[in-house]
Amino acid sequence: LLKSIADFASKIAEREIDDEALQRLVRVAHSDKEIRLYKHLLRMFSLGKLDSKAVFLLTQIAVLPAEPLPIELILMTKENEKDIYSVFLEDVEQKGWISFINYEEVQMHRLVQTVILKMTEPTYQDCSVLCEFIIETLHLDKVRASLINVQSKSVYAENLLENMSFQYKLDRKQMLQSNLGNFYIIAGNYNKGLVLLEKNLLSVEIFYGKEHRNYTISLNNLAFLYERVSMYDKALFLYEKVLQIQTQTV
62 LLKSIADFAS
72 KIAEREIDDE
82 ALQRLVRVAH
92 SDKEIRLYKH
102 LLRMFSLGKL
112 DSKAVFLLTQ
122 IAVLPAEPLP
132 IELILMTKEN
142 EKDIYSVFLE
152 DVEQKGWISF
162 INYEEVQMHR
172 LVQTVILKMT
182 EPTYQDCSVL
192 CEFIIETLHL
202 DKVRASLINV
212 QSKSVYAENL
222 LENMSFQYKL
232 DRKQMLQSNL
242 GNFYIIAGNY
252 NKGLVLLEKN
262 LLSVEIFYGK
272 EHRNYTISLN
282 NLAFLYERVS
292 MYDKALFLYE
302 KVLQIQTQTV
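Using our numbering, you'd call the opening residue of the sequence shown number 62 and step up by one each time.
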């Protein structure tokens, strides 16, 4: 039996199209729509035969949540070629990779999403426009101005951090983590904010080093959050590190 979506994706990636569990999954599907979906998944090896523009669009959708997404958001990534990419978006919809919802939103099934992520292994470079848009949307000033308007983008940011590789762009990962962490703090979700700012501190240290002012700022932000959640020992420890760094650089 297939125990998880990851297990399913592994079978696809290893081209085990004759795997008994996969065949059973197709046979026991409860509707024609599901049967079509699974057959498309079994043909995922033909992804390489799609035009590069189609693969690009599928990648942009796959790095975001498996929920209805604004078509404008997806096409924004190719603003100067929107008309051309609109045609390719319709093409991948007709081929069953995605579904249109009222012609204003697009959605990808989570199984399709998992397999595409496994096959394309998206990087920041593949989705840079989308990533920069989310970073800018979650800027501290915009969050303070309208928390509700940017709330949906926090989910997008979580998915980008989970689904993309930032191997050669750690500074952008750090910025995304920082903005998302600050969003959660302002929203009152201190636990999520704490996890992100702890990860962000590590990213800043790796990219900038401990002597850079960004590292000091991250230390101070994390110390402030520790203080807010009554973790006074950790807060004091980080405040002392900030003071030590500032003393050494004077």
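Glycine included, each C-beta is placed from N, C-alpha and C at the ideal position.
Quantities reported herein were computed from a predicted structural model and do not represent experimental measurements.
Query: Give the range of the beta strand (DSSP E) segment to which V167 is assigned.; Result: 166-168
Query: Taking the C-alpha atoms as reference points, what is the distance between V148 and E142?; Result: 10 Å
Query: Can you list, in chain order, the stretches of the alpha helix (DSSP H) that have 4 or more residues and sit fully within the segment 238-297?; Result: 251-269, 274-289
Query: Rounded to the nearest angstrom, what separates V216 and A284 at their Cα positions?; Result: 25 Å
Query: Pull up the DSSP beta-bridge partners for P126, would you.; Result: BP columns for P126 are empty, so no partner.
Query: So the candidates are I177, W158, T184; which of them puts its Cα closest to the Cα of Q168?; Result: W158
Query: To the nearest angstrom, report how far apart A90 and E266 are at their CA atoms.; Result: Residue placement at A90 is poorly supported in this model, since its pLDDT is 45, which falls under 50; the coordinates are not used for a value here.
Query: If you reduce the DSSP assignment to three classes, tell me which class I209 lands in.; Result: helix
Query: Given a threshold of 16 other Cβ atoms within 10 Å of its Cβ, counted over all protein chains shown, does L304 qualify as buried or as exposed?; Result: exposed
Query: Return the bridge partner residues of T184 from the DSSP annotation.; Result: S226
Query: Distance, Cα to Cα, Y251 vs D152?; Result: 43 Å
Query: In three-state DSSP terms, what is I159?; Result: coil
Query: When burial is assigned at 16 or more other CB atoms within 10 Å of the CB, is F106 buried or exposed?; Result: Low local confidence applies: a pLDDT of 48 at F106 is under 50, so the model's placement there is unreliable, with the coordinate-based value given in what follows. Label assigned to F106: exposed.
Query: Does the Cβ-Cβ distance between Y287 and M225 come in under 8 Å?; Result: no
Query: Taking buried to mean at least 16 other C-beta atoms within 10 Å of its own C-beta, is N210 buried or exposed?; Result: exposed
Query: If you compare alpha carbons, which of N281, P131, L178 is closest to Q307?; Result: N281
Query: Would you check if the distance between the CB atom of I145 and the CB atom of I135 is smaller than 8 Å?; Result: no
Query: Of all the options R205, T138, V124, D202, which has the alpha carbon lying nearest to the alpha carbon of T175?; Result: V124
Query: In angstroms with no decimal places, state the Cα-to-Cα distance between L130 and S189.; Result: 18 Å
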